[in-house]
């Protein structure tokens, strides 16, 4: 939402954030992909992001390309995370798209 509400922002070519995967101890929330409640929360979050993008498009602060990239990320990221571990995840995500 911060991107859609911002008057401007920069996109950096250099990676400045590195993802750490926990191999010991408690798993992070993003590693708990078989938890149906966490998937439901993720879907709710994705719906809110989609609404924000659509409002930004309507207000002239975003383009359809932003919506296309968002949908592509869901297909390439979220489907891979949840499709094989949460019942009906693939169907629910495809309906969402």
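Numbering (this note's numbering), first residue to last: -13 to 83. Note that the Cβ used here is the ideal one computed from N, Cα and C, for glycine as well.
Residue nearest to residue 64 in terms of C-alpha spacing, selected from 1, 78 and 51: Selected option, being the one with the closest Cα: 78.
Residue -10 Cβ short of 8 Å to the ligand ADP heavy atom set: With respect to small molecules bound, the structure shown includes none, and the ligand ADP cannot be examined in it.
Length of the line joining the Cα atoms of residue 27 and residue 1: Straight-line Cα distance between these residues: approximately 28 Å.
Whole-number beta carbon distance between residue -8 and residue 38, since they are thought to touch under 8 Å: No, residue 38 and residue -8 are not in contact; Cβ-Cβ is about 12 Å, not under 8 Å.
For residue 66 and residue -2, the rounded distance between their alpha carbons: Residue -2 and residue 66: Cα-Cα distance of roughly 26 Å.
Cβ separation of residue 34 and residue 43, assumed to be a contact under 8 Å, to the nearest whole Å: In fact, because the Cβ distance is near 15 Å, the residues do not count as touching under 8 Å.
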